[in-house]
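Numbering (the working numbering), first residue to last: 39 to 608.
This is the structure in structure tokens:
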């Protein structure tokens with residue numbers, strides 16, 4: 039069926055010189071006349087890259103999407119955007135999330151497509167793609183990369199990231215040989231796909247499903263499972279239907295969708311990074327979401343027994359029933375919200391059955407009674423900070439002690455293994471200069487190494503706080519995202535070794551126990567560190583990035599621009 043009102047007709051429907059150019063050059067790929075007849079043109083936004091191992095299966099999944107688009111009578115066109123390899127990029131992939139969002143937004147706007155399928159998976163690709171797509175607001179649906187198969191080593195399951203941190207500390211403690219550490223490397227990543235722990239990648243895929251932005255079962259199907267290819271096929275079919283129904287991203291996403299994301303993140307024991315990403319996506323959609331809204335999930339039970347908060351891995355989560363079971367267990371806690379299928383999110387739980395109640399716990403027998411992230415405030419974090427109690431040591435969630443301060447990541451790395459480092463297991467480790475502006479890019483260094491001397495004594499957790507993030511695969515009593523950051527002149531910049539700090543997760547408090555007059559004296563003497571970058575995108579980022587409590591988007595990208603492009607290129 040043709041429709042001259044469709045967006046693509048401004049490119050392919052004109053009987054003039056411009057129409058000739060748009061159609062003719064596309065025909066050099068072998069497309070016949072009739073694919074330009076007004077049928078839906080579907081963009082397949084692909085973050086495939088060999089430098090992003092998490093997304094290395096997306097080239098194949100794109101073919102599955104194309105099959106579904108053709109079947110439904112659409113015209114699929116695949117296009118690349120910047121790919122953010124979380125494990126490969128320096129100084130941090132987060133520095134480039136907003137650049138990916140710009141790439142996605144401008145590519146969707148500039149090309150003659152009517153709807154878009156977002157192919158992503160690695161930590162920053164999913165949120166970056168959704169941010170960009172939200173700012174153009176076409177019919178949009180997500181297909182995630184899918185998790186790797188379970189890691190295997192010495193007859194045991196091992197998990198991405200989580201076991202890296204454990205093994206690394208065991209080597210430092212003399213409990214594991216370097217030879218064994220290196221041997222575990224090859225067994226950890228056994229297939230294409232994202233981390234098979236409930237890290238940020240799998241967290242975002244779970245959230246996308248809970249928000250109704252993908253088809254059901256998208257979150258947990260392993261990357262190499264044939265059912266993921268079938269899901270891609272059905273997604274291609276569905277996006278054509280969405281174009282015909284004029285079901286845009288803004289028609290699907292509501293405040294209730296974000297509340298469901300917060301509830302789901304708590305239930306699965308999801309990543310702290312979900313906070314900064316959901317805030318940024320909400321800013322693009324135009325929904326008022328704040329840091330305080332994440333308290334909604336603070337009393338939600340932990341249902342999914344996956345690393346780092348639990349025992350199992352994403353492959354086990356899939357076989358136990360995946361996100362449909364979690365949504366079924368959340369039941370009436372879930373808000374009524376529309377999905378890419380057009381109906382309510384409740385449909386995603388229809389027919390769900392749990393096949394392993396140790397992997398996905400029922401509400402009557404949760405892994406932990408309250409798993410949601412806690413928002414912390416006080417003079418040390420006037421705009422907020424967060425902590426993940428489900429991954430912390432319970433006895434440290436109420437803690438007061440002296441601080442030991444590292445002014446930079448370089449100072450931390452140079453000193454953390456000193457045998458004479460003057461710290462005890464009760465000391466609060468403080469790291470500065472790792473926020474959006476300071477690093478720049480807000481890296482995943484908040485789960486600082488435990489001092490080597492204490493590791494050898496058996497210490498495996500301490501209170502650590504910073505303006506950084508941490509990997510979704512990480513664990514510990516770690517306070518993150520302190521806002522304003524040190525580089526922006528937040529109170530964090532004024533902390534000195536020996537100052538007393540009080541943390542109370544129960545009260546949501548983070549206090550620097552220093553007299554205000556003394557802080558004012560320190561503030562008057564403070565100056566920001568020189569900028570690390572003075573040119574290019576990184577300079578633009580530092581000049582315009584918002585703080586973590588606002589999603590760390592660029593200030594001029596918040597919101598959307600859905601105006602049609604009317605000017606031609608020739």
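All C-beta atoms in this analysis are idealised placements derived from N, C-alpha and C, irrespective of residue type, glycine included.
- Can the beta-carbon of residue 121 be found closer than 8 angstroms to that of residue 163? Your numbering for residue 121 matches position 83 in the chain shown. Your numbering for residue 163 matches position 125 in the chain shown. Going by C-beta atoms, residue 121 is nearer than 8 angstroms to residue 163.
- Message: I'd like the list of long-range same chain contacts for residue 293, defined as Cβ closer than 8 angstroms, with 5 residues on each side in sequence excluded.
- Response: The sequence position of residue 293 within the chain shown is 255, counting from 1. The beta carbon of residue 293 is closer than 8 angstroms to those of 325, 326 and 327 in its chain, skipping five residues each way along the sequence.
- Message: Nearest by alpha-carbon distance to residue 93: which of 542, 158 and 459 is it?
- Response: Mapped onto the chain shown, residue 93 falls at position 55. Out of 542, 158 and 459, 158 has the C-alpha closest to the C-alpha of residue 93.
- Message: Quick check on this structure: which residue in 100, 404, 129 and 343 has the alpha carbon closest to the alpha carbon of residue 571?
- Response: One-based indexing of the chain shown puts residue 571 at position 533. It is 129 whose Cα lies nearest to the Cα of residue 571.
- Message: Only counting the same chain, and skipping five residues up and downstream in sequence, which positions put a Cβ closer than 7 angstroms to that of residue 479?
- Response: Here residue 479 refers to the residue found at position 441 of the chain shown. Closer than 7 angstroms at the Cβ level, and outside the excluded window around residue 479, lie 129, 130, 132 and 133.
- Message: Using a Cβ-Cβ distance cut-off of 8 angstroms, determine whether residue 200 contacts chain D.
- Response: Protein chains in the displayed structure number just one, and chain D is not present.
- Opposing strand residues paired with residue 56 [DSSP bridges]: Taking the chain shown and counting its residues from 1, one reaches residue 56 at position 18. Answer is none; residue 56 lacks a bridge partner.
- Given residue 590, which residues of its chain have a CB within under 7 angstroms of its CB, disregarding the five upstream and five downstream residues? Numbered from its first residue, the chain shown carries residue 590 at position 552. Close CB contacts of residue 590 within its chain, under the 7 angstroms cut and outside five residues either way in sequence, are with 314, 318, 474, 480, 583 and 584 (chain order).
- Task: Quick one: measure Cβ to Cβ for residue 488 and residue 207, integer angstroms, because I've assumed they're closer than 8 angstroms.
- Result: Position 450 of the chain shown, counted from the first residue, corresponds to residue 488. Position 169 of the chain shown, counted from the first residue, corresponds to residue 207. Their Cβ separation, rounded to whole angstroms, is 7 angstroms, which keeps residue 488 and residue 207 in contact under 8 angstroms.
- Less than 8 angstroms separating the beta-carbons of residue 506 and residue 483? Indexing the chain shown from 1 puts residue 506 at position 468. Indexing the chain shown from 1 puts residue 483 at position 445. Yes, these two residues count as a Cβ contact at 8 angstroms.
- Message: Taking contact to mean 3 or more Cβ pairs, one atom from each stretch, closer than 8 angstroms, check whether the stretch 351 to 371 and the stretch 178 to 196 are in contact.
- Response: Yes, they touch.
- Query: Should residue 72 be labelled buried (16 or more other beta-carbon atoms within 10 Å of its own) or exposed?
  - Reply: Position 34 of the chain shown, counted from the start, is the residue given in the question as residue 72. Taking all protein chains shown into account, residue 72 has fewer than 16 neighbouring C-beta atoms within 10 Å of its C-beta and is therefore exposed.
- Message: Rounded to the nearest angstrom, what separates residue 39 and residue 273 at their Cα positions?
- Response: For the purposes of this step, residue 39 is identified with residue 1 of the chain shown, where counting begins at 1. For the purposes of this step, residue 273 is identified with residue 235 of the chain shown, where counting begins at 1. Bear in mind that the predicted position of residue 39 carries a pLDDT of just 45, short of 50, making it unreliable; the figure below should be weighed with that in mind. Going from the Cα of residue 39 to the Cα of residue 273 covers about 20 angstroms.
- So is residue 230 buried or exposed if we call it buried at 16+ other beta carbons inside 10 Å? The residue labelled residue 230 in the question sits at position 192 within the chain shown. Buried: at least 16 other Cβ atoms inside 10 Å.
- Do you know offhand how far residue 312's Cα is from residue 238's? Within the chain shown, the letter at position 274 stands for residue 312. Within the chain shown, the letter at position 200 stands for residue 238. If I take the Cα positions, the gap works out to 7 angstroms.
- Segment limits, alpha helix (DSSP H) that includes residue 442: Here residue 442 refers to the residue found at position 404 when the chain shown is read from its first residue. Careful: residue 442 lies outside any alpha helix (DSSP H), inside the beta strand (DSSP E) at 436 to 444.
- Since residue 350 sits in a beta bridge, which residues does DSSP pair it with? If you number the chain shown from 1, residue 350 lands on position 312. For residue 350, the beta-bridge partners assigned by DSSP are 344.
- Minimum C-alpha distance to residue 289 - residue among 444, 205, 259 and 380: Within the chain shown, numbered from 1, the residue matching residue 289 stands at position 251. When each option's Cα is compared against that of residue 289, the closest is 380.
- Message: the ligand ZN and residue 412: does any heavy atom of the ligand fall closer than 7 angstroms to the residue's C-beta?
- Response: As for the ligand ZN, it is missing from this structure, which has no ligand bound.
- Can you give me the start and stop residues for the alpha helix (DSSP H) that residue 203 sits inside? Residue 203 sits at position 165 when you count from the first residue of the chain shown. For residue 203, the enclosing alpha helix (DSSP H) starts and ends at 200 to 210.
- Item | alpha helix (DSSP H) segments (min. 4 residues) lying fully within the stretch 477 to 509 | 490 to 494
- Message: So, under 8 angstroms CB-CB, residue 49 and residue 150 are touching, yes? Tell me the CB distance rounded to an integer number of Å.
- Response: The count along the chain shown starts at 1 and reaches residue 49 at position 11. The count along the chain shown starts at 1 and reaches residue 150 at position 112. Correct: roughly 3 angstroms between the Cβ atoms.
- Query: Do you know offhand how far residue 210's Cα is from residue 146's?
  - Reply: Sequence index remark: in the chain shown, residue 210 carries index 172 (1-based). Sequence index remark: in the chain shown, residue 146 carries index 108 (1-based). Going by the C-alpha atoms only, they are around 48 angstroms apart.
- Query: Buried or exposed: residue 432, going by 16 or more other Cβ atoms within 10 Å of its Cβ?
  - Reply: The count along the chain shown starts at 1 and reaches residue 432 at position 394. Classification of residue 432: exposed, given that the 10 Å Cβ count is below 16.
- Query: Of the residues 503, 199 and 109, which one's Cα is nearest the Cα of residue 509?
  - Reply: One-based indexing of the chain shown puts residue 509 at position 471. Out of 503, 199 and 109, 199 has the C-alpha closest to the C-alpha of residue 509.
- Mind checking residue 553: buried by the 16 CB within 10 Å criterion, or exposed? In the chain shown, residue 553 corresponds to position 515, counting from 1. Residue 553 comes out exposed.
- Message: Starting from residue 106, trace the alpha helix (DSSP H) in both directions and tell me its first and last residue.
- Response: For this step, residue 106 is matched to residue 68 along the chain shown. If you look at residue 106, you'll find it in the alpha helix (DSSP H) that goes 96 to 109.
- Task: Determine, using beta carbons only, whether residue 336 and residue 412 come nearer to each other than 8 angstroms.
- Result: Counting from 1 along the chain shown, the entry for residue 336 is found at position 298. Counting from 1 along the chain shown, the entry for residue 412 is found at position 374. It is a contact, given that the beta carbons lie within the stated cut-off.
- Task: Say whether the stretch 171 to 181 touches the stretch 259 to 278, bearing in mind that this needs 3 or more beta-carbon pairs closer than 8 angstroms, one atom from each stretch.
- Result: With a cut-off of 8 angstroms, the stretch 259 to 278 and the stretch 171 to 181 count as touching, because enough Cβ pairs lie within range.
- Task: Measure from the alpha carbon of residue 525 to the alpha carbon of each residue in 490, 517 and 469, then state which is nearest.
- Result: Locating residue 525 in the chain shown gives position 487, where the first residue counts as 1. Ranking the options by Cα distance to residue 525, first place goes to 469.
- Query: In this structure, what does DSSP give as the bridge partners for residue 178?
  - Reply: Start at 1 with the first residue of the chain shown, and residue 178 comes out as number 140. For residue 178, which the question treats as bridged, DSSP gives the partners 154.
- Query: Which one or two residues does DSSP pair with residue 564 in a beta bridge?
  - Reply: What you label residue 564 is simply residue 526 of the chain shown in a count that begins at 1. According to DSSP, residue 564 bridges with nothing at all.
- Query: Since residue 113 is in the beta strand (DSSP E), which residue starts that stretch and which ends it?
  - Reply: By one-based count along the chain shown, residue 113 stands at place 75. Run containing residue 113: 113 to 118, per the beta strand (DSSP E) assignment.
- Item | Beta-bridge pairing of residue 587 - partner residues as DSSP gives them | For this step, residue 587 is matched to residue 549 along the chain shown. According to DSSP, residue 587 bridges with nothing at all.
- Fully enclosed by the stretch 387 to 466, which alpha helix (DSSP H) runs are 4 residues long or longer? 447 to 453
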